[in-house]
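Peer 1: This is the structure I have questions about; it appears just below.
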Amino acid sequence: MRPNASARHLTSRVVPALIACLTSGIAAADTARQGEQVYEEVCAACHGRGVARAPQLGDRRQWAPLIREGQPTLTAHAWVGIRGMPPRGGRADLSLEAFAGGVAYMAQRAGANWQPPDPALLKRIEAEVRKREARLKARGGKAD
Ligand code: HEC
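Residues -29 to -1, 1 to 115 in mature numbering (1 follows the signal peptide of the UniProt record, and there is no 0) are what the sequence shown lists, from first letter to last.
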């Protein structure tokens, strides 16, 4: 093997591994930032100042009972819409994953250890959404 070829060989193996390493770290940081971004862009309009009694960012007293509902239930209820909370925060183009990141960010700021959902958690949230929608339908669209 010529030295040149072996150097190329090494590069072809090491560089992709390095890139994979770097990008997985970046991806994790990105999802956390995305939750904050969603909050700033969509949720802050109401949750920043407590408009119409929206639980305010960082208000532990308001968030404590909500956090006790658990991440799948609370995320699903807010996503489907509850009382003054419009479905999807009023943004029809928002994905459930992005929305859930926004919820996780607000819960974190109130002291909970919630993370943006991984695929398993996202499935549990989706199951709660289906349950909630079925219940709403059975009651003619009225949330409790
Ligand atoms: C137009 C105003 C408005 C926007 C925008 C909004 N919310 Fe809300 N949200 C509310 C109000 C009002 C409530 C309180 C509902 C109640 O209890 O009457 C609420 C409640 C909630 C709750 C608690 C739900 C429960 O079960 O009591 C969560 C979680 C939530 N919002 C998440 C979000 C997220 C995430 C976003 C952004 C993607 C968002 N909201 C955007 C007004 C808003």
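We put the CB at the ideal spot given by N, CA and C, even for glycine.
Just so we're clear, the structure is a prediction, and the values are computed from it rather than from any experiment.
Measuring alpha carbon to alpha carbon, tell me which of Ala23, Arg24, His18 and Trp34 ends up nearest Ala83.
Peer 2: The candidate whose alpha carbon is nearest that of Ala83 is Trp34.
Peer 1: Figure out for me which residue from Lys94, Leu107 and Val74 has the closest Cα to the Cα of Gly6.
Peer 2: Considering only alpha carbons, the answer is Val74.
Peer 1: What span of residues does the alpha helix (DSSP H) with Pro58 cover, start to end?
Peer 2: Where Pro58 is concerned, there is no enclosing alpha helix (DSSP H), given that its DSSP letter is neither H nor E.
Peer 1: With distances taken between CB atoms, is the gap from Gly21 to Arg80 smaller than 7 Å?
Peer 2: No, these two residues do not count as a Cβ contact at 7 Å.
Peer 1: Please return the same chain residues whose Cβ sits closer than 8 Å to the Cβ of Glu40, not counting the five positions on each side in sequence.
Peer 2: His48, listed in sequence order.
Peer 1: Under a three-way DSSP split, which group does Asp1 fall into?
Peer 2: Three-state result, Asp1: helix.
Peer 1: Nearest by alpha-carbon distance to Glu104: which of Ala25, Gly52, Val9 and Arg32 is it?
Peer 2: Per the Cα distances, Gly52.
Peer 1: Cα-Cα, which of Thr46, Ala98, Leu67 and Glu68 is closest to Ala78?
Peer 2: If we check each option's Cα against that of Ala78, Thr46 comes out closest.
Peer 1: Would you grab the beta carbon distance between Pro36 and Glu99 for me? Rounded to a whole angstrom, and I think it's under 8 Å.
Peer 2: Rounded, the Cβ-Cβ distance is 17 Å, inconsistent with contact.
Peer 1: Closer than 6 Å: is that where the CB of Val13 sits relative to any heavy atom of ligand 1?
Peer 2: It does: the Cβ of Val13 is within 6 Å (strictly closer) of some heavy atom of ligand 1.
Peer 1: First and last residue of the alpha helix (DSSP H) that includes Tyr76?
Peer 2: Taken as a continuous stretch (DSSP letters only), the alpha helix (DSSP H) holding Tyr76 covers Leu67 to Arg80.
Peer 1: If you compare alpha carbons, which of Ala91, Gly72 and Arg24 is closest to Val13?
Peer 2: Nearest C-alpha to Val13: Gly72.
Peer 1: Mapping DSSP to helix, strand and coil, what is Ala25?
Peer 2: Here Ala25 sits in coil by DSSP.
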